[in-house]
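Let me begin by presenting the structure, written as structure tokens, before commenting on it.
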Amino acid sequence: MKLFISRPMTAAVEARARAEFDVEIRENTAPLSEAEMLRALAEFDVVVPTLGDLFSAAVFAKAGSPRCKLLANFGVGYNHIDVSAARAAGVAVTNTPGAVTDATADIALTLILMSARRAGEGERLVRAGNWQGWHPTQMLGHHATGKHVGIAGMGRIGQAIARRCHFGFGMEVSYVARSDKALEFPASRAASLTDLAAAVDFLVVAVPGGAETRHLIDADVLAAMQPHAHLVNIARGDVVAEAALTEALQQRRIGGAGLDVYEFEPQVPQALRDLDNVTLLPHLGTATEEVRSGMGQMALDNVAAFAAGRDLLNPV
Ligand code: NAP
């Protein structure tokens, strides 16, 4: 069984992969090129791809009937893989749900607080040597405790964010999802995304990416938000219409935004970078040693199940 891993991994994950499998671990940290994807599909039984490795229908069409039978994705989001094209080519897909939940929820809270309390702007002020000292009306932001948070996508991560907002910050929680959720804290399901956007102080995006949710947060949703409200996106960049968001921020039609992901990642438009009312993080959602190791172990658990002929643990 030959395994290909498309990026360097944490030491623990690489050590296990080398101990258990005949593995090639690519050293480059950039996404796979099409030629690399076709080689991986042709020459390996299992591939561990990740964000940015665009296994599109066109790639599977060129691959024909590949040797590869499993893409054990490193990450819970798999919108970079055309799952139905993979299936048609005889390639199963797994992901790493759960391993990423708390870390990503923590980054959502980081962004809520940074955006509301102007933390990025304040840090830049101090770093530039321009801070003139404390005074009663210096850099007033928005209070977060006790406010109303709206979660678009009340799944694993959405619920972990809501739990933090309710128990940690005494917030009222509302959400939209495709189905009702039984939760251990009070939360109301809004009739529509626009209703949710209009009602809340913080709108947090936690839906999966892909065709179904592309530009879910569009100009209409942004227009429905209150002028003091903040948008936080920890999901996928193209869930938010980035041009419409940039315009809303430029015209100060919303209070601010906190972004971990971008529509054309890793490109972040200059127009966004020029704005002080947006907090920009480089896709840090799961970026801790233990979480990245946990994700890698979960991906390798799926590889091991495949190698042993057992049922896959996290099929998508
Ligand atoms: P999940 O458990 O599958 O939750 C997704 C939620 O979105 C579900 O509640 C689902 O509703 C809801 N949903 C799906 N389509 C919707 C739509 N069109 N309108 C409204 N709600 C919709 O997934 P998760 O584990 O929470 O992960 C969510 C996403 O976060 C991942 O897919 C990934 O792209 C992203 N993520 C980002 C980072 C980062 O580093 N920033 C890290 C990890 C994950 P139902 O439950 O009713 O089906």
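Anchor point for the sequence shown: position 292 equals 1248 in my numbering, and the numbering is continuous, going up by one each time.
We put the beta carbon where it would ideally sit given N, CA and C, even for glycine.
Just so we're clear, the structure is a prediction, and the values are computed from it rather than from any experiment.
For Gly1109, the Cβ falls inside the 7 Å cut-off from some heavy atom of ligand 1. In terms of Cα proximity to Gly1046, the closest of Ile1063, Thr1057, Val1056, Leu1027 is Leu1027. Of the residues Ala1200, Arg995, Cys1121, the one whose Cα lies closest to the Cα of Arg1023 is Arg995. When rounded, the separation of the alpha-carbon atoms in Ala1118 and Leu959 is 38 Å.
In this structure the region 981-993 lies against the region 958-973, because at least three pairs of beta carbons, one per stretch, are closer than 8 Å. Between the alpha carbons of Gln1207 and Val1032 lies a gap of roughly 35 Å.
Boundaries around Lys1018 are those of the alpha helix (DSSP H), 1013-1019, since no beta strand (DSSP E) includes it.
Less than 8 Å divides the Cβ of Leu1067 from the Cβ of Val1188. Shortest gap from the CB of Pro1238 to any heavy atom of ligand 1: 7 Å or more. In terms of side-chain proximity, the C-beta atom of Glu1168 is found nearer than 7 Å to a non-hydrogen atom of ligand 1.
In this structure Pro1238 is exposed. Its beta-carbon is surrounded by fewer than 16 other beta-carbon atoms within 10 angstroms. Scanning the region 1201-1244 for uninterrupted alpha helix (DSSP H) segments of 4 residues or longer gives 1226-1229, listed from N- to C-terminal end. For Ser1130, no alpha helix (DSSP H) run applies; the uninterrupted beta strand (DSSP E) run containing it begins and ends at 1128-1132, by DSSP. The three-state reading of DSSP puts Asn1029 in coil, since its state is none of H, G, I, E or B. Distances between the C-beta of Thr985 and the heavy atoms of ligand 1 are all 7 Å or more.
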